[in-house]
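Enquirer: My structure is below; once you've seen it, I'll send some questions.
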Ligand SMILES: NC(=O)c1ccc[n+]([C@@H]2O[C@H](COP(=O)([O-])OP(=O)(O)OC[C@H]3O[C@@H](n4cnc5c(N)ncnc54)[C@H](O)[C@@H]3O)[C@@H](O)[C@H]2O)c1
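In the working numbering, the protein residues as written are 3 to 338.
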């Protein structure tokens, strides 16, 4: 996929056409039914995989990403939606973030809430058959129960979680008030090739390769439900056509392990020993996360297929390639 670091904004538009010959799902493609998908956050970790998959299935994809003046908060988005059948809204500001006013307003509010609201306004003018929104497990905060169901009361602990919850509520408010067909998927800790460099597995792999100390928040006994990116993409594609209008669905991989256990697995896979340093617990970080995915199973007819060890091996193999040979975009190329 193209990097967005080339050429000036005058010469490339804030959308880039990734391919032609479109269809809705692979089966629709075989049936020759063309569709057009708009993907926001297309140059990001999950968005780039989603684009790869949609293109492989024969879809027509328009990708939107942040590039100089060209972003969801600034642009008139209606023309981008012209003729679109579905919008996958993955653009957003990730990372947990402490609640400092400037950071909260400047980054999280802007890229998670305002950008989403602007996209929704454009969708009122140019409705599509389905908006799929990338929500997050971070909305739950400390889990009342594990695995956590979608009906749990959300109490996010971070600026990120608060703004993802606000965006999710906006999506469903517009769905209800303006008759938009919307589905929120709450992704649980996604990993795999091209994972964002700030995420734990990326950081751990980098430290293992360089022989650096690995920094762990707290005692390392916090746990996460790790979800391989291909499984997330599969669920996201299913959500576009499934009978899931108005739904909020957990998308988790079913591999809930502690950070300590994760590191031990990475040591085995890499054949390298880590030096671990424990930092104070981060207040923005929840202790445990685990998804109940029964609703997603029902609504999407979807099941995670990649176990943690297999997924980690794939990410490790990708990570070992020289940076400029790794397929896809690097984070350095997509961050502005
Ligand atoms: N990675 C995970 O584990 C995870 C878990 C839960 C939810 N999510 C959600 O999934 C989505 C994708 O996550 P990711 O890990 O691929 O993140 P990412 O940072 O790699 O991708 C997000 C992309 O959105 C773009 N973007 C941000 N603000 C924008 C704006 N105003 N206009 C246009 N583009 C903008 C960024 O440039 C980036 O390319 C995000 O919405 C994130 O909140 C991710």
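All C-beta atoms, glycine included, are put in the ideal place defined by N, C-alpha and C.
What residues match up with residue 421 in a beta bridge as DSSP calls it?
Expert: Here the chain covers residues 3 to 338 and nothing more, so residue 421 does not appear.
Enquirer: Based on Cα-Cα distance, which residue from 241, 144, 239, 277 lies nearest to residue 226?
Expert: For the residues 241, 144, 239, 277, the minimum Cα distance to residue 226 belongs to 144.
Enquirer: What does the alpha-carbon distance come out to for the pair residue 195 and residue 249?
Expert: Cα to Cα, residue 195 sits roughly 29 angstroms from residue 249.
Enquirer: Does the distance from the CB of residue 66 to the CB of residue 88 come in under 9 angstroms?
Expert: Contact: no.
Enquirer: Using only alpha-carbon positions, find the residue among 275, 274, 253 that is nearest to residue 192.
Expert: Nearest of 275, 274, 253 to residue 192, Cα basis: 253.
Enquirer: At the level of alpha carbons, what is the spacing between residue 257 and residue 288?
Expert: If I take the Cα positions, the gap works out to 17 angstroms.
Enquirer: Quick one: using the 10 Å Cβ neighbour count with 16 as the cut-off for buried, is residue 266 buried or exposed?
Expert: So residue 266 ends up on the exposed side.
Enquirer: Distance, Cα to Cα, residue 215 vs residue 312?
Expert: Rounded to the nearest angstrom, the two C-alpha atoms are 25 angstroms apart.
Enquirer: Are residue 38 and residue 117 touching if we call contact CB-CB under 9 angstroms?
Expert: Not closer than 9 angstroms, so no.
Enquirer: Is any heavy atom of ligand 1 found at a distance shorter than 8 angstroms from the C-beta of residue 127?
Expert: It does not: the Cβ of residue 127 is nowhere closer than 8 angstroms to a heavy atom of ligand 1.
Enquirer: Can you list, in chain order, the residues of its chain whose CB lies under 7 angstroms from that of residue 164, leaving out five sequence neighbours each side?
Expert: Taken in chain order, the residues that qualify are 158.
Enquirer: Should residue 240 and residue 314 be called a contact, given that it needs their Cβ atoms to be closer than 9 angstroms?
Expert: No, the pair does not count as a contact, with Cβ atoms beyond the cut-off.
Enquirer: What does the alpha-carbon distance come out to for the pair residue 205 and residue 179?
Expert: If I take the Cα positions, the gap works out to 42 angstroms.
Enquirer: Could you check if residue 67 belongs to the surroundings of ligand 1, using beta carbon to heavy atom distance under 8 angstroms?
Expert: Correct: residue 67 has its Cβ closer than 8 angstroms to ligand 1.
Enquirer: Using 8 angstroms as the cut-off, can you tell me whether the stretch 117–131 makes contact with the stretch 167–183, which would need three or more C-beta pairs spanning the two stretches below that distance?
Expert: Short answer: they touch.
Enquirer: Using 8 angstroms for Cβ pairs, my map puts residue 203 next to residue 278. What's the rounded Cβ distance?
Expert: Incorrect: roughly 15 angstroms between the Cβ atoms, too far for contact.
Enquirer: Using a Cβ-Cβ cutoff of less than 7 angstroms, which residues in the same chain neighbour residue 223 once the five nearest sequence positions on both sides are dropped?
Expert: Excluding sequence neighbours, residue 223 sits near 260, 262.
Enquirer: Measure the alpha-carbon distance for residue 276 versus residue 230 and round it to whole angstroms.
Expert: Cα to Cα, the separation comes out at about 23 angstroms.
Enquirer: Can you check which of these residues, 264, 182, 76, 187, is closest to residue 140 by C-alpha distance?
Expert: The shortest C-alpha separation from residue 140 is found at 187.
Enquirer: Going by C-alpha distance, which of 237, 318, 135 is nearest residue 209?
Expert: Closest option to residue 209, Cα to Cα, is 318.
Enquirer: Measure from the alpha carbon of residue 43 to the alpha carbon of each residue in 58, 108, 57, 74, then state which is nearest.
Expert: For the residues 58, 108, 57, 74, the minimum Cα distance to residue 43 belongs to 74.
Enquirer: Rounded to the nearest angstrom, what separates residue 151 and residue 292 at their Cα positions?
Expert: The alpha-carbon atoms of residue 151 and residue 292 are separated by roughly 9 angstroms.
Enquirer: Comparing C-alpha positions only, which one of 64, 183, 50 sits nearest to residue 245?
Expert: Checking every option, the nearest Cα to that of residue 245 belongs to 183.
Enquirer: Within the stretch 90–164, note down every full alpha helix (DSSP H) run reaching 4 residues or more, in order along the chain.
Expert: List check, alpha helix (DSSP H) in window: 117–127.
Enquirer: With respect to the alpha helix (DSSP H) encompassing residue 232, which residues constitute its N-terminal and C-terminal limits?
Expert: Residues 231–243.
Enquirer: Quick one, which of 79, 47, 325 has its alpha-carbon nearest residue 94's?
Expert: Of the listed residues, the one whose Cα sits closest to residue 94 is 47.
Enquirer: Between the Cα of residue 76 and those of 307, 325, 123, 105, spot the shortest distance and give me the residue it belongs to.
Expert: It is 123 whose Cα lies nearest to the Cα of residue 76.
Enquirer: Does the Cβ-Cβ distance between residue 378 and residue 233 come in under 9 angstroms?
Expert: Outside the shown range of the chain (3 to 338) lies residue 378, about which nothing can therefore be said.
Enquirer: Who are the Cβ neighbours of residue 56 in its own chain at under 6 angstroms, not counting the five residues just before and after it?
Expert: Taken in chain order, the residues that qualify are 39, 63.
Enquirer: Using CA atoms only, rank isn't needed, just tell me which of 296, 61, 110 is closest to residue 153.
Expert: Taking only the C-alpha atoms, the option nearest residue 153 is 296.
Enquirer: Relative to the alpha-carbon of residue 146, which residue among 290, 300, 320 has its alpha-carbon at the smallest distance?
Expert: The option with the nearest alpha carbon to residue 146 is 290.
Enquirer: Let me make sure I understand the geometry here. Which of 96, 54, 126, 92 has the alpha-carbon closest to that of residue 286?
Expert: Taking only the C-alpha atoms, the option nearest residue 286 is 96.
Enquirer: So, using beta-carbon positions, are residue 114 and residue 162 closer together than 9 angstroms?
Expert: For residue 114 and residue 162, yes; Cβs fall inside 9 angstroms.
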